[in-house]
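S.K.: Here it is, the structure, as structure tokens.
Numbering (our numbering), first residue to last: -10 to 124.
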């Protein structure tokens, strides 16, 4: 299976999310605003796009292979978001305490990880359902 599909799509999705977060910080949108929840939708769309690229090359593969591809995309996104959030934290936060940084990392891993795993499972199920009879 082509592993570069998941990596490239994950990198582009993570970069897009980080740029979106920077934009929100620059125009001073609150973190409790509805606009702050769009990155979770971007993760879902990134995994769907990754599965569409997978569909272009492979059809009729097992559900576990599709789920593995989706989780691989998610892991790329999550790793880059952790790195990106850490860099943004140290660039834009005035009080750089390690306790606040650790708390920010925990929120990032939990929120994006949980949302991403649900998205990966749901997207894999959709992909498998619509392609299982195609040969």
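Glycine residues also receive a C-beta, built at the ideal position from the N, C-alpha and C atoms.
Considering only C-alpha positions, which residue in the set 62, 28, 96, 107 is nearest to residue 43?
M.R.: On the chain shown, position 54 is the one that residue 43 refers to. That would be 62, whose Cα lies nearest to the Cα of residue 43.
S.K.: When the Cα atoms are used, what is the spatial distance from residue 90 to residue 41?
M.R.: Counting from one through the chain shown, the residue named residue 90 turns up at place 101. Counting from one through the chain shown, the residue named residue 41 turns up at place 52. When rounded, the distance between both Cα atoms is 36 angstroms.
S.K.: Between the segment 43 to 59 and the segment 94 to 114, do three or more beta carbon pairs fall short of 8 angstroms?
M.R.: With a cut-off of 8 angstroms, the segment 94 to 114 and the segment 43 to 59 count as touching, because enough Cβ pairs lie within range.
S.K.: Quick check: the Cα distance between residue -1 and residue 30, rounded to an integer number of angstroms?
M.R.: Within the chain shown, residue -1 is the residue found at index 10, counting from 1. Within the chain shown, residue 30 is the residue found at index 41, counting from 1. So the two alpha carbons sit approximately 14 angstroms from each other.
S.K.: Counting along the chain, where does the alpha helix (DSSP H) carrying residue 88 start and finish?
M.R.: Taking the first residue of the chain shown as 1, we reach residue 88 at position 99. It spans 87 to 120 - the alpha helix (DSSP H) in which residue 88 sits, taken as one unbroken run.
S.K.: One question on the structure: do residue 71 and residue 97 come within less than 8 angstroms of each other, judged by their Cβ atoms?
M.R.: To locate residue 71, count along the chain shown from 1; it is residue 82. To locate residue 97, count along the chain shown from 1; it is residue 108. Cβ atoms of residue 71 and residue 97: closer than 8 angstroms.
S.K.: DSSP state of residue 82, grouped into three classes?
M.R.: The count along the chain shown starts at 1 and reaches residue 82 at position 93. Residue state, collapsed to three classes: coil.
S.K.: Rounding to the nearest angstrom, what Cα-Cα distance links residue 79 and residue 38 in this structure?
M.R.: Mapped onto the chain shown, residue 79 falls at position 90. Mapped onto the chain shown, residue 38 falls at position 49. Each residue's Cα considered, the two are about 31 angstroms apart.
S.K.: In chain order, what residues of the same chain have a beta carbon less than 7 angstroms from the beta carbon of residue 102, not counting five sequence neighbours either side?
M.R.: Indexing the chain shown from 1 puts residue 102 at position 113. Cβ within range, chain order: 67.
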